[in-house]
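Student: Numbering-wise (full-length UniProt numbering), the sequence shown opens with residue 1 and increments by one. Think of the CB as a built atom: it goes at the ideal place given N, C-alpha and C, for glycine as much as any other residue.
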Amino acid sequence: MQLEKLIKMANDISDFFNSESDKELAAEGIKNHIKRSWDPRMRNQIIAYCQEDGKDLNALAQKAVQKLAS
C-alpha cells in the first residue's frame, strides 16, 4: 500500500481519538485500532516510516505508532 495513504489513515484515526482528554489513552486506542484492523505489512510499513522520519504523522499518531512498535 502507498505510504501516503497509510499516513493519512493513521492521522485520520488519531483525529477521531483526539477528542479523548487523556492522550495516553487516546494513543492506546489508536494503537489497538491499527493492531486489530491493519494487515501486518501495513503496520510494519508505518512503523518503519515512523522510526525513520515520521514527520507527516501528527504527534498523537506518532505516539501510537511508537507504542505499536514496542
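Could you please give the first and the last residue of the uninterrupted alpha helix (DSSP H) stretch that includes Met42?
Tutor: Segment 40-52, the alpha helix (DSSP H) holding Met42.
Student: With respect to the alpha helix (DSSP H) encompassing Met9, which residues constitute its N-terminal and C-terminal limits?
Tutor: It spans 3-17 - the alpha helix (DSSP H) in which Met9 sits, taken as one unbroken run.
Student: Hey, would you say Met42 sits closer than 8 Å to Leu68, going by beta carbons?
Tutor: Taking 8 Å as the Cβ cut-off, Met42 and Leu68 do not qualify as a contacting pair.
Student: Among the residues of its own chain, which have a CB less than 8 Å from the CB of Gln45, if the five just before and after it don't count?
Tutor: Hits under 8 Å: Met1, Leu3, Leu6.
Student: Thinking just about the alpha-carbon of each residue, which of Pro40, Glu52, Ile13 is nearest to the one in Gly29?
Tutor: Nearest option by C-alpha distance: Ile13.
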